[in-house]
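Per full-length UniProt numbering, the very first residue in the sequence shown carries number 1; after that it's consecutive.
Every residue gets a Cβ at the ideal spot worked out from N, C-alpha and C, and that includes glycine.
Quick caveat: nothing in here was measured; it's all calculated off a predicted structure.
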Amino acid sequence: MTGSHGSGRKTALEDRPAIDPPAWFTEQANQADPSVYDTFEREWPACWEQAADLLEWEESYDTVLDDEDGPPFEWFAGGTLNASYNCIDRHLPERKNQLALIWEGHGESRTYTYRELSREVNAVAAALRERGVEEDDVVTIYLPMVPELPVVMLACVRLGVVHNVVFAGFSSGALAERMERTGSELLVTCDGYYRRGSAVAQKNKADNARIAVEQDVSVVVLDRLGRDVHLGKDYYDYATLRDAHDGETVDPVPRDAGDTLFRIYTSGTTGEPKAVDHTTGGYLSHVAWTSESVLDIKPTDTYWCSADIGWITGHSYIVYGPLALGTTTVLYNGTPDHPEKDRLWDIVERYAVDVFYTAPTAIRAFMKWGEEYPARHDLSSLRLLGTVGEPIDERAWQWYREHIGGGDAPVVDTWWQTETGAILVATLPGVDAMKPGAAGKPLPGIQTEVVDPAGEPVDRGEAGELVVTRPWPGMPRALRTGEDWGKSLVHGDEWRYYPEDGATVDGDGYVTFLGRIDDAINVAGRRFSTMELESAIAGVEGVAETAVVGADHATTGTAVYAYVSPEGNCAEADLEKRIEAAVERAIGSVATPEAVIFTPDLPKTRSGKVMRRLLTAVANGDELGDTSALRNPEILGELQSATPDR
Ligand code: ATP
Ligand code: MG
């Protein structure tokens, strides 16, 4: 089994110290019952009723999970519900005057109580219906982080219409492709928006996409810039439509649990972004349950996830989870370093945010900028911190807890994917100790294994590939139906899902993620995960961010190339030596980087993930492949010239 994950080799990442959550946290935690794992195990799959019970069903379901003989899997069959009703209407009797949304824009802010949100969503739903949109149609939404984005999403699902949100930064080509694939005939966009203090045009990209697709498309345009925009035939002004229906109510359309709620795309980190369809009942149950048990969200909280709604994280944990639980959710438009590098901490202080959820890429940027920015603000309202999107190394985890969490707020690292819909692996902060650098155990009801390439379990502490061995409520349509997913879903006669992530499990059942299977580097017959190497390098003083890739090498087969972004953009003379020493210490000289390449930034997706496949291509002088998801194309030339010729 040489040259693969699961080569019987322990990783350099074992035996992490465990940190107990503070008593003040567990005493108030939504989920503080240590028997929750046993209960879920004993009662699986009926245990997921706990999740479904967080929602209000129009028609209750007959079975929790219908999985006779494997797929198709039907969650909550027979049940009907409406997501907009669950996120708005049912909260009105108790908290109509509580804030549902807080929006921080560019030098402006706006809030909506649940009653106000209800009024907006009903008016927009009425307007969409008048435009001829019907149940099961697909509406494409191409908006930046403005309150109208969740409003239009909720208006769609109120009508049983499937929304297809396309991240606002995507090109007209990507938009056209996504519209064409869904046959979407209505597009909601805006004239433009502000970013770093200047206006960015949006409508012209929408115009180009509209012309490029086969179907006829009507366009609803939100005026964000206050300029005179000419709206031609089949174009409608958002405010005019909304105002014409202000005060109207639209009955929420009951949807079958298995009906599609929305379509979303993966981040495009490893290849072309993939379309994923999430369903109404299982997805919403799973998202609500994890919002409650993992993120500890309470209706009285002010909760903030700083992701963009254009990604699954924003769908699940800015919009659907928090609103299903009736909390106040914050959205912000812009960038964390404009007008100043303390923008986020200013928002946390002003709104006394209770729970904050972000990505390792953001945390690494905060580290790069320095602790003085959070130190300017009172962050003592923060009770819990979360992270998602990439593995977080121990140093970044500790920095986050120390400088944002006041040294004692629990930090939950949450592992999941666009495909999983909601969190599958994380530490339940009211129940379990945290292990910095390890994501945690599979959640109650979730079953995973770490296997070798033959699909056989590896020993504890050994590296392998994570597989999910049981269905989960938030699984997308293609997995439910057992459609081909590009990778085999079965092993022998067992159903399995392969997320394509490397992992290792310790003796307590905690999973540490090691990076993408395809990014692992094979040096002289030994296979190293990116996380193992990058953790060693990231622990070096002066390193802000790093990514390692393999480059073809005449004698060892592959050599390690380490791309390093130094703190303050300035590498001290001995930094390369210290990086090499750290890798030798943690792993051994076999993994010593052949080249350490300093760079001001790494190539990243629009959602902020490091695109190692592009670095690999640069290191090997190969073609770059699909770069549609790349946020900072200007860095490529710089990386190419900094990479040594081989
Ligand atoms: P694509 O599938 O298009 O290549 P992507 O995998 O980055 O893009 P997402 O669904 O946004 O698209 O990201 C899911 C992936 O992100 C996971 O498979 C995993 O590799 C990584 N990830 C997310 N959260 C964590 C985490 N907490 N720890 C480690 N890795 C994580
Ligand atoms: Mg993926």
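Close beta carbons around L323, own chain, < 6 Å, minus the five adjacent residues each side:
C87
With three or more C-beta pairs closer than 8 Å as the rule, is the segment 369-385 touching the segment 134-147?
no
When burial is assigned at 16 or more other CB atoms within 10 Å of the CB, is T555 buried or exposed?
exposed
Hey, quick one: how far does the alpha helix (DSSP H) through V583 stretch, first residue to last?
Annotation: the continuous alpha helix (DSSP H) that includes V583 extends over L575 to A586.
T113 beta carbon near the ligand ATP (any heavy atom closer than 7 Å):
no
Does the segment 205-225 touch the segment 160-179, meaning 3 or more C-beta pairs lie closer than 8 Å?
yes
Can you name the start and end residues of the beta strand (DSSP E) that C156 belongs to?
Counting along the chain, C156 falls outside any beta strand (DSSP E), though it belongs to the alpha helix (DSSP H) covering E148 to R158.
Using CA atoms only, rank isn't needed, just tell me which of H315, A438, V330 and S60 is closest to L101.
Comparing Cα-Cα distances from L101 to each of H315, A438, V330 and S60, the minimum goes to V330.
Confirm the yes/no value for this check: CB of G461, any heavy atom of the ligand ATP, distance under 7 Å.
For the ligand ATP, no non-hydrogen atom lies closer than 7 Å to the CB of G461.
Out of T418, P473 and G550, state which residue places its alpha-carbon closest to the alpha-carbon of E500.
T418
E532 classed as buried or exposed, judged by whether at least 16 other C-beta atoms fall within 10 angstroms
buried
Return yes when at least one heavy atom of the ligand MG lies under 7 Å from the C-beta of T270, else no.
yes
Counting only the same chain and skipping the five closest in sequence on each side, list residues whose C-beta sits under 6 Å from that of L344.
P336
Identify which residue in K577, A439 and A454 has its Cα closest to the Cα of L514.
Comparing Cα-Cα distances from L514 to each of K577, A439 and A454, the minimum goes to A439.
Nearest-angstrom Cα separation, counted from E292 out to V250:
Going by the C-alpha atoms only, they are around 29 Å apart.
So is the beta-carbon of T361 under 7 Å away from any non-hydrogen atom of the ligand MG?
no
CB contact flag (M475, I309, <8 Å)
In this structure, I309 does not lie closer than 8 Å to M475 by Cβ.
Delimiting residues of the beta strand (DSSP E) encompassing H278
Here the beta strand (DSSP E) through H278 covers A275 to T279.
Taking the alpha-carbon of D243 as reference, which of G192, T448, V219 and A125 has the nearest alpha-carbon?
A125
On the criterion of 16 or more Cβ atoms from any shown chain inside 10 Å, does S641 qualify as buried, or is it exposed?
S641 comes out exposed.
Tell me the DSSP secondary structure of I635 in three-state form.
helix
In this structure, does DSSP put G258 in helix, strand or coil?
coil
C-beta contact flag for A586 and A536 at 8 Å
yes
Limits of the alpha helix (DSSP H) - the one that G550 falls within
Taken as a continuous stretch (DSSP letters only), G550 belongs to no alpha helix (DSSP H), being part of the beta strand (DSSP E) at V543 to H553.
Using beta-carbon positions only, say whether P273 and Y283 come within less than 8 Å of one another.
Their beta carbons are not under 8 Å apart, which means P273 does not touch Y283 by this criterion.
Could you check the C-alpha separation between W103 and A619 for me, to the nearest Å?
42 Å
Sort D216, W44, K203 and T280 by Cα distance to H163 and report the nearest one.
T280
Distance cut-off 7 Å: T266 Cβ against heavy atoms of the ligand MG
yes
Taking L231 as the reference, which of K203, A257, D256 and Y561 has the closest Cα?
Checking every option, the nearest Cα to that of L231 belongs to K203.
Consult DSSP for D223 and reduce its assignment to one of helix, strand or coil.
coil
Distance between I312 and R631 (C-alpha atoms, nearest Å)
C-alpha of R631 to C-alpha of I312: approximately 17 Å in a straight line.
Do the CB positions of L466 and V511 come within less than 8 Å of each other?
Against a cut-off of 8 Å, the Cβ pair of V511 and L466 comes out as a contact.
What do you get for R376, buried or exposed, if any count of 16 or more other CB atoms within 10 angstroms of its CB means buried?
exposed
Can you list the alpha helix (DSSP H) stretches of 4 or more residues lying completely in the segment 62-106, in chain order?
83-87 and 92-95
Please find out if some non-hydrogen atom of the ligand MG comes closer than 7 Å to the beta-carbon of Q640.
No.
List the residues that DSSP assigns as beta-bridge partners of H163.
Note: H163 sits in a beta bridge opposite V139 and F262.
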